[in-house]
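Numbering (our numbering), first residue to last: 234 to 582.
Using N, Cα and C, we set each Cβ at its ideal position, and we do this for glycine too.
Notes for the one structure printed next.
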């Protein structure tokens with residue numbers, strides 16, 4: 234309503250004098266231009282309001298419900314209460330399509346064998362692995378065992394025992410068909426927050442646990458690696474844990490300890506060879522584990538089916554895009570909406 238009044242007000246400012254034919258046409262054309270511009274502005278105001286109103290509403294609610302960061306909780310130290318021969322720090326990981334790697338630690342030399350089967354207490358097969366150890370200053374690790382078992386059936390519970398003695402563990406293999414559910418946790422550490430997070434995760438039904446870097450936060454204090462392994466054992470022994478190294482796993486001190494990732498590589502073997510992700514030489518010009526952060530990300534919605542996600546560096550005040558990814562919604566893809574004949578698929582193969 235106010236926009237119409239404004240148009241009338243602008244028209245009233247035109248000089249009032251005898252109007253000639255061509256001058257009258259000019260006035261009419263000018264008034265049409267003004268009306269057109271104001272109509273466009275009206276739609277632009279509505280568009281801006283549609284965008285800003287939810288934001289302002291959210292902002293007003295957010296100001297009332299500000300996030301309060303909880304204080305850090307103390308470190309959780311998990312001691313080993315069993316004998317030196319008893320397996321501890323047990324965890325499993327995927328190896329290829331139908332195999333699992335079982336890893337554990339003993340304080341004394343023990344067989345690197347795993348007995349396993351689909352019935353509790355009845356082990357149908359035995360796999361033999363190997364063990365290793367490492368030294369970090371005055372710290373010397375226990376015997377770190379790794380054994381690959383399989384082939385295993387998908388979506389099946391297996392019971393297993395490490396080293397020919399000790400307690401029985403069990404895990405469930407992931408399904409061979411979709412859906413497949415992952416749990417993703419980063420920067421786990423070993424505080425009371427860690428314990429709380431793992432307890433929440435344990436109440437969920439999932440197939441694989443993903444930990445993309447920064448596991449124990451040992452940072453050179455090697456006994457914390459043992460404590461971390463014991464803390465996560467109830468969870469990492471029952472579902473496959475797939476992990477990667479972060480900056481807290483480097484633990485390299487120039488010429489004193491030149492080999493980085495020494496503890497991580499000995500304790501958490503991952504199937505980089507089986508997955509074809511090996512990259513040894515030449516060394517990359519930039520290594521992302523030295524980056525303090527990726528900075529911020531930006532999601533740009535292009536239309537109903539496409540979007541662009543970009544990662545921005547935070548090492549300077551400029552907007553520097555480190556990487557970007559184009560996203561397409563499968564719900565709007567024509568290929569996903571087409572019905573496929575089963576007979577045609579069989580003929581192609």
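TODO: Assign residue 426 to one of three DSSP states: helix, strand, or coil.
DONE: In the chain shown, the residue the question calls residue 426 occupies position 193. Residue 426: helix per DSSP, three-state reduction.
TODO: Would you identify the three-state DSSP class for residue 350, choosing helix, strand or coil?
DONE: Position 117 of the chain shown, counted from the first residue, corresponds to residue 350. Reduced to three states, the DSSP call for residue 350 is strand.
Task: Short Cβ contact (7 Å threshold) for residue 446 with residue 477 - done: As a first step, residue 446 must be located in the chain shown, where it is residue number 213. As a first step, residue 477 must be located in the chain shown, where it is residue number 244. Their beta carbons are under 7 Å apart, which means residue 446 touches residue 477 by this criterion.
TODO: Could you tell me how far apart the beta carbons of residue 307 and residue 424 are, in whole angstroms, since I believe they sit closer than 8 Å?
DONE: As a position in the chain shown, residue 307 is number 74, starting the count at 1. As a position in the chain shown, residue 424 is number 191, starting the count at 1. Going by Cβ atoms, the distance from residue 307 to residue 424 rounds to 7 Å, so yes, they are a contact pair.
Open item on the list: Taking the straight line between their C-alpha atoms, what separation do you get for residue 501 and residue 536?
Closed with: To locate residue 501, count along the chain shown from 1; it is residue 268. To locate residue 536, count along the chain shown from 1; it is residue 303. Spanning the two alpha carbons is a distance of roughly 43 Å.
TODO: Count the C-beta pairs between the stretch 446-463 and the stretch 316-324 that are closer than 8 Å, then say yes if the count reaches three, no if not.
DONE: yes
TODO: Identify whether residue 472 lies in helix, strand or coil by the three-state DSSP scheme.
DONE: Along the chain shown, one-based indexing puts residue 472 at 239. Coil.
TODO: Return the residue from the list 336, 567, 472, 333 that minimises the CA-CA distance to residue 442.
DONE: Here residue 442 refers to the residue found at position 209 when the chain shown is read from its first residue. Checked all of 336, 567, 472, 333; the closest Cα to residue 442 is 472.
- [ ] State the start and end residues of the unbroken alpha helix (DSSP H) segment that holds residue 495.
- [x] Within the chain shown, residue 495 is the residue found at index 262, counting from 1. Counting along the chain, the alpha helix (DSSP H) containing residue 495 begins and ends at 495-500.
TODO: Have a look at residue 392 and residue 311 and give me their C-alpha separation to the nearest angstrom.
DONE: Here residue 392 refers to the residue found at position 159 of the chain shown. Here residue 311 refers to the residue found at position 78 of the chain shown. So the alpha carbons of these two residues sit roughly 24 Å apart.
Open item on the list: Suppose you measure from the CA of residue 356 to the CA of residue 318; what does that come to, to the nearest Å?
Closed with: In the chain shown, the residue the question calls residue 356 occupies position 123. In the chain shown, the residue the question calls residue 318 occupies position 85. Going from the Cα of residue 356 to the Cα of residue 318 covers about 20 Å.
- [ ] Using a threshold of 7 Å, state whether the C-beta atoms of residue 379 and residue 449 are closer than that.
- [x] One-based indexing of the chain shown puts residue 379 at position 146. One-based indexing of the chain shown puts residue 449 at position 216. Contact flag unset, no.
Open item on the list: Which same chain residues end up closer than 6 Å to residue 381 when comparing Cβ atoms and leaving out the 5 residues on each side of it in sequence?
Closed with: Residue numbering aside, residue 381 sits at position 148 when the chain shown is read from its first letter. Once the five neighbours on either side are set aside, the close Cβ partners of residue 381 are 328, 332, 334.
- [ ] Have a look at residue 401 and residue 369 and give me their C-alpha separation to the nearest angstrom.
- [x] Locating residue 401 in the chain shown gives position 168, where the first residue counts as 1. Locating residue 369 in the chain shown gives position 136, where the first residue counts as 1. Our two residues, residue 401 and residue 369, have alpha carbons roughly 31 Å apart in a direct line.
Task: DSSP beta-bridge partners of residue 324 - done: As a first step, residue 324 is located in the chain shown; it is residue number 91 there, counting from the start. Its beta-bridge partners are 336.
Open item on the list: So residue 225 and residue 482 are supposed to be a Cβ contact under 8 Å. How far apart are they, rounded?
Closed with: Nothing about residue 225 can be reported from this structure: the residues present for the chain run from 234 to 582 only.
Open item on the list: Nearest by alpha-carbon distance to residue 398: which of 340, 566, 348 is it?
Closed with: Along the chain shown, one-based indexing puts residue 398 at 165. Nearest of 340, 566, 348 to residue 398, Cα basis: 348.
Open item on the list: Using the Cβ count rule (16 or more neighbours within 10 Å means buried), how would you classify residue 451?
Closed with: Here residue 451 is taken as the residue at index 218 of the chain shown, counted from 1. Buried.
Open item on the list: The beta strand (DSSP E) that contains residue 392, what's its start and end?
Closed with: Reading the chain shown from its first residue, position 159 is the one you call residue 392. From DSSP, the beta strand (DSSP E) with residue 392 extends over 390-395.
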